[in-house]
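For the sequence shown, my numbering gives the first residue as 241, with consecutive numbering after it. In this text, a Cβ means the ideal position worked out from N, Cα and C, and glycines have one as well. For reference, the structure discussed in these notes is given below.
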Amino acid sequence: MSGKPREECGVFGIYAPRQPVATLTYYGLYALQHRGQESAGIAVSDGRQIQVHKAGGLVSEVFSGDQLQALASFPGSRPVMALGHVRYSTRESFQLANIQPLVVYSGRGMLALAMNGRLANGDQLRSELAGWGTVFQSTCDGELVIHLLAQSTGESMPKAALHVMGRLQGGYGIVFMTEDYVVGMRDPHGIRPLCIGKLGEFFCLASESCALDTIGAEFVRDVAPGEVVAIGPAGLTSYRGPQAHTLAPCSFEYVYFARPDSSIDGLNVGESRAAMGRELFREHPIGADVVIPVPDSGTAAALGYAEASGIPFAEGLMKNRYVGRTFIQPTQAMREVAVKIKLNANVRFLKGKRVVMVDDSIVRGTTSSKLIELVKRAGAAEVHLLVSSPPVRHPCPYGMDTTERETLIASRLDVEEIRELVGADSLHYLSEGGLRRALGDRPVCMACFTGQCPAQEAKSLTYRESGVDIDAGNKVVELIKPLVRETARPGLVGGIGGFGGMFQLDLRKYPDPVLVSGADGVGTKLKLAFSLNKHHTIGIDAVAMCVNDILTHGAEPLFFLDYLAVGKLNPDEAAAVVQGVAQGCKEAGCALLGGETAEMPGFYRPGEYDVAGFAVGVVNRQDIIDGSSIAAGDVVIGLPSNGLHSNGYSLVRRVFAGQDLRAVVRELGEPLGETLLRPTRIYVKPILGLLGKVRVKGMAHITGGGLIENIARILPPGLGLTIQPAWDVPPIFRLIQKLGQVPDAEMYRTFNMGIGYAVVVSPEERPAAWAALTEAGESPVVLGTVEPGEGVRYK
């Protein structure tokens, strides 16, 4: 059921002659089990040779008493030092060769190494080492480090480690063992934790202080950022390079990874989570009857929320802690039973209650919906999901199992979409500022929330490295130039690429010209284009929304300018959008005069953009159509739409949330996404043809507000219209109404319902108008007759 990220691993090391170092390491790993459940391993040394035992499984499954005793048995001696490792990896990447500790034999003797974390430059180092003839046995970054150490010469191993650290980019806590001592090294920003303990006269190292508590060791301090420490016969020795390093520990250690009884860099994990809960209440106070945690990592934050709000705390979800990794996955028929085996709801605390459910994070979103369903089935009246961390939108390169952006739900969906998907009555995240306050405003790594990585090397910055690629922008211009040329029309002056677009009016055709302008965007229909990765029709929508608006005043569209804003410019994607704009301009008979492509890093989510446009048309003053001459008895004629056009998509997306857009829907006879993305019709040609033959009194473009609101905008005071729905409503509208249980009145106030444009003519002009529209290929319908009254209604 877990949709949480997984910590890469936990490490432990000890130098303690005359102590049972294998057993102490076993207990230390037991305390660190939460950091990795896929495999475990221990290496021990008597100062001359190294023995190792490792396998897949939990610590208790990998090591028995006999195995620990065998590890402690050296011919004529006993081990004086040991290191251990617990690891998590996805099932797909689990390999026996990746189980640590890793052991190599080199000119410097035997080395064993255990690593927690990940290297951002791992691929580069692997290529370099392979070029030197290194043969790799695993895919883990720890093997890169142990080979770099083994190939170092002329220095003591701790000093060699300091040199190797200069080649590593990333977040890590590493413990390695030579024939002489145990060495620990922490990355220059302290992203991954590593601390020092003292057991009697000897020292040990661990990923978390809870492991020190377990073996009875005294906490000494955290290993400093960029520090190498050696523990051996001489006690504890510290090595640091000349460069000062800034501490920026992983904020997710405090949010989720670390055990609540651990302290990292002077901050207790459990207390920091309670502070997150208090901050969460300050930002999002919810009226509720009970606060429950998602066990176990949400418990401390839920207690903090309950404390700050005064709302009673209860354990509304009970976790079965005896369901281990070997639990047999259920069949489809037993899926509900499987959920209840892992977690069960306590009806007494939930039935009829308004519930605040606190979780530490939502990463993949696979768990939250099941938990909310469980709580609602227990009778909860409302379930409000509050998350004690910001949305995780960026993959982590430093040891958290979130390297694929597409697996992160917040990188694809906004908060409202996630709320719909998980089924909560409301969803609220702690802000980045709230998390920082809960952590005492100390520097932390928040790369998974912000995308900004502290371990990136300081260097001179370019505009491109800041996120704006001028070369990509120039490529877009070259790609769209031929598209723009195809839209050329009389009056166009100059071409694309100047600071402004120029157009000359034909004063012979328009001796008393009035310019008519319109600006609009595509709205949340864009979200569907992102999901389907189809961008070539969205530009048509942008043009249609503008030119259809100015057309209602009798204006001939002259030119159009587009505005495309992106977070990261993809030239081919941008060109596809402009291809649609150019197509729309050709259909409208207007020139694509110019536009703006704005690259704004950090402003839009990866893969998302916004499109808007601006159209200008012209009409002679005496030919302006504004609806003022409409009278009772006039006929309102409707022209068909081809579907939703570009309005009502906030409701549409909610109705179809979670559905496969590529699947064929029986009622539609085509994939759902194809219907939803169909571009808005452009009515310029049939309407301009009509205006040359008939006196039109008023026109309405049916957009947001549907038939009811848009036709009402052109009717003079004291006049109304009763719509008679005598046309065939396209099946997409019936499907939306059915699935969303949307009332008729709401449908007609939101959607075009199959009518995209309305024209008002006198009864005498109706036959000529009908003939002209039919000749232009339209299928007109009579919507009704203007009558005394107010507003528009339907029968």
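By the 16-neighbour rule on beta-carbons within 10 angstroms, Met558 is exposed. Taking the Cα positions, Glu657 is about 29 Å away from Val684.
Every beta strand (DSSP E) stretch that sits fully inside the region 840-870 and reaches 3 residues is listed by chain position as 849-860. Assigned with DSSP and collapsed to three states, Glu613 falls in helix. Unbroken beta strand (DSSP E) stretches of 3 residues or longer found wholly inside the region 898-973: 938-941 and 959-963, given in chain order.
In this chain, Val623 is not harboured by any alpha helix (DSSP H); it is covered by the beta strand (DSSP E) spanning Glu622 to Val627. For the 8 Å CB-CB criterion, Leu1023 and Ala985 do not form a contact.
Within the model, the alpha-carbon separation for Ile976 versus Val895 is close to 7 Å. Collapsing the DSSP output to three states places Asn560 in coil.
Counting C-beta pairs with one atom in each stretch, the region 414-429 and the region 371-379 have fewer than three that are closer than 8 Å, which means they do not touch. For Arg426, the three-state secondary structure derived from DSSP is strand. In this chain, the beta strand (DSSP E) harbouring Gln291 covers Ile290 to Gly296.
For Glu986, no beta strand (DSSP E) encloses it; the enclosing alpha helix (DSSP H) starts and ends at Asp984 to Thr990. Close CB contacts of Val302 within its chain, under the 8 Å cut and outside five residues either way in sequence, are with Ser279, Ala280, Gly281, His293, Lys294, Ala295 and Gly296 (chain order).
When Leu476, Gly691 and Asn338 are compared, the shortest CA-CA separation from Phe443 is found for Leu476. In terms of CA proximity to Asp781, Val762 leads the group Val762, Pro880 and Tyr266. Per DSSP, His403 lies in no beta strand (DSSP E); the unbroken alpha helix (DSSP H) holding it starts and ends at Met397 to Met405. Shortest Cα-Cα distance from Pro694 to any of Gly834, Pro465, Gly820 and Arg845 involves Pro465. Residues Ala390 of the same chain have their beta carbon placed closer than 6 Å to that of Ser346, with the five preceding and five following residues left out of the count. A check of alpha carbon separations from His524 across Gly820, Ser628, Ala451 and Gln819 identifies Ser628 as the nearest. Relative to Ser1019, the option among Gly994, Leu434 and Val1001 whose CA is nearest is Gly994. In the displayed model, Tyr803 falls within a strand according to three-state DSSP. Shortest Cα-Cα distance from Phe416 to any of Val284, Ser367, Leu917 and Ile778 involves Val284.
For Ser503, the number of other beta carbons within 10 angstroms of its own is at least 16, and it is reported as buried. Each residue's CA atom was taken as its position, placing Gly472 and Gln259 some 14 Å apart. Under the DSSP assignment, Arg461 falls in the beta strand (DSSP E) whose first and last residues are Glu458 to Asp462. Apart from the 5 residues on each side of it in sequence, Leu661 sits with its Cβ closer than 8 Å to the Cβ of Gly605, Ser609, Ile649, Leu653, Ala897 and Gly898 in its chain, given in chain order. A contact between stretches requires three or more CB pairs, one per stretch, nearer than 8 Å, and the region 809-819 meets this requirement with the region 706-723. Shown here, Ala712 sits in a helix according to DSSP, grouped into three states. Between Gln277 and Leu298 the beta-carbon gap is near 6 Å, inside 8 Å, which marks them as a contact. From the listed residues Gly691, Leu359 and Ala540, the smallest Cα separation to Phe553 is found for Ala540.
In the three-state reduction of the DSSP assignment, Leu879 falls in the strand class, which pools E and B. In the DSSP annotation of this structure, the continuous segment of the alpha helix (DSSP H) that includes Thr454 starts and ends at Ser449 to Ile455. For the beta strand (DSSP E) assignment, the uninterrupted runs of no fewer than 3 residues enclosed by the region 515-552 are, from N- to C-terminal side, 530-533. Cys444 carries a strand assignment under DSSP once its states are collapsed to helix, strand and coil. For Arg682, the number of other beta carbons within 10 angstroms of its own is below 16, and it is reported as exposed.
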